[in-house]
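A short worksheet on the structure shown next.
Protein chains: 2
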Amino acid sequence: MEFSSKLLENAVYEVSQLPGIGKRTALRLVLHLLKQPEQQTYHLANALVKLKDEINFCKNCHNISDTETCEICANPKRDSSIICVVEDVRDVMAIENTSQFQGHYHVLGGKISPMEGVGPQDLTIPALVTKVKGGGVKELIFALSASMEGDTTNFYIYKQLEGLQVATSTIARGIAVGDELEYADEVTLGRSILHRVPFESSLKSN
Amino acid sequence: MEFSSKLLENAVYEVSQLPGIGKRTALRLVLHLLKQPEQQTYHLANALVKLKDEINFCKNCHNISDTETCEICANPKRDSSIICVVEDVRDVMAIENTSQFQGHYHVLGGKISPMEGVGPQDLTIPALVTKVKGGGVKELIFALSASMEGDTTNFYIYKQLEGLQVATSTIARGIAVGDELEYADEVTLGRSILHRVPFESSLKSN
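If you read the sequences in order, they're chains W and H. Read in the numbering used here, the first sequence has 150 at position 150, and its numbers run on one by one without any break. Residues are numbered in the numbering used here as their position in the second sequence, beginning at 1, plus a constant of 206.
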């Protein structure tokens, strides 16, 4: 692409560095901003810089939070002895939306991925291990994505906790509610048969 | 969506104001920026604000340009008596890529659209009419999109130029090179038959 302006080219380049946004989409977004009142561009730029500069993570669960301790960790009604291990803030939001979990979270900030150069020390795994060793934690629920990296991360944490008095579980994998069996992939269907649930307990969850 | 941080919520809100970007995508983009070195966020914010603050339009064709007169208008080899009327800088870039046009452009900055409250005065139509009235323009080529708004804009400019010695044309609509007839829509196929080209002249353009 040949641009008629270096300023335009630079803005398009920076926007196209975002994931899933190519040069064409970036140009469309930049031209849209140019047509809008200048306040919109200032607000966008400010919001991004302010977030980056003033971002704070809960000292307990490492979720993004404006306060030293996030609302979930600060809530006395929630059970701090059950900790759900998730990858990032999106997973916390998704699980909170279900209203089915009343424990605490631990946000890892990613998954172990040798391909992308992410090791255990780049995540908040040491803090999690320290927390469990400190006592008071009865169960860890692994809620990472069912991928090679997710499984590796689960297993790494599991090994770190060997010998400690803490139960570990992973969220159930199976056919989504409302899905047809014939369209399910083999691995998921296989797991849903392997980890079948007593009929009585499936009645309770409805 | 319930966010654990006002800063995060604000950044997601501002990003989701961009066209075609919903809240989920905005959150993904913002979390991506958070994982990157802070320089990337600063560069992005700077590039957008700088473009908005220092944006300059060519005084002749109204295309985005870093100089008072853009490279195309300043090029003495280009024919200033033929003006191609386009909507925005993307159309200029697309036509320049074909290397088939050696005239000047006139960038309208949009199309007349009563639905979106865009009238002739919001575009650079008055400047175009003044330019043609000033003399020296032999032909205007309308290259707006073939939509209700594009046709309205073409017709409005055409009426404004009544009585002036200037030829007007629109770019050819027809079956794209390489396309199969059976998949073409009726309007396009109809136009391609109505505006058929003498076979000898089609040979020259190959």
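We put the CB at the ideal spot given by N, CA and C, even for glycine.
- Bounds of the alpha helix (DSSP H) holding His238/H are 229-241.
- Using a 10 angstroms sphere on the CB of Lys159/W, the tally of other CB atoms stays under 16, which defines it as exposed.
- The straight-line gap separating the alpha-carbon atoms of His43/W and Ala373/H is approximately 46 Å.
- Taking 9 Å as the Cβ-Cβ cut-off, the stretch 20-46 of chain W approaches chain H at Gly20, Ile21, Arg24, Thr25, Leu27, Arg28, Leu29, Val30, Leu31, His32, Leu33, Leu34, Lys35, Gln36, Glu38, Gln40, Thr41, Tyr42, His43, Leu44, Ala45, Asn46, given in chain order.
- Below the 8 Å Cβ cutoff, chain W contributes Ala47, Leu48, Lys50, Leu51 as neighbours of Ala217/H, in chain order.
- Boundaries for Ile318/H: no alpha helix (DSSP H) harbours it, and the DSSP string shows neither H nor E there.
- Interface with chain W (9 Å Cβ-Cβ cutoff): Asp272/H is included.
- Annotated as proximal: Cys84/W and Leu140/W, with beta-carbon spacing under 9 Å.
- In this chain, the beta strand (DSSP E) harbouring Ser169/W covers 167-170.
- Taking all protein chains in view, the Cβ of Ala217/H is crowded by 16 or more other Cβ atoms within 10 Å, so the residue is classified as buried.
- At a Cβ-Cβ threshold of 9 Å, Glu388/H and Leu350/H do not count as neighbours.
- Listed by position along chain W, the residues whose Cβ is nearer than 8 Å to that of Asp294/H are Leu31.
- Scanning Glu208/H, His312/H, Lys344/H, Ala390/H for the CA closest to the CA of Asn266/H turns up His312/H.
- Within chain H, no residue has its beta carbon less than 9 Å from that of Glu139/W; the closest one is some 23 Å off.
- Close CB contacts of Gly323/H within its chain, under the 6 Å cut and outside five residues either way in sequence, are absent.
- For Gly119/W, no Cβ of chain H is located within less than 9 Å of the residue's own Cβ.
- By the C-beta criterion, the stretch 171-191 of chain W is judged not to be in contact with the stretch 15-23 of chain W, since fewer than 3 inter-stretch pairs fall below 8 Å.
- Within the same chain, Cβ atoms closer than 6 Å to the Cβ of Gly356/H are found at Lys317, Leu350, the five residues on either side in sequence being excluded.
- Each residue's CA atom was taken as its position, placing Asp79/W and Gln102/W some 6 Å apart.
- Excluding its 5 nearest sequence neighbours in each direction, Glu274/H has C-beta neighbours in its own chain below 8 Å: Asn262, Cys264, Lys265, listed in chain order.
- In this structure, the alpha-carbon of Leu128/W lies about 51 Å from that of Arg296/H.
- Proximity of chain H to Gln17/W at the Cβ level (cut-off 8 Å) is accounted for by Gln246, Leu250, in chain order.
- A straight line joining the alpha-carbon of Gln40/W with that of Val187/W spans about 47 Å.
- Ile270/H is bridged by DSSP to Phe263/H.
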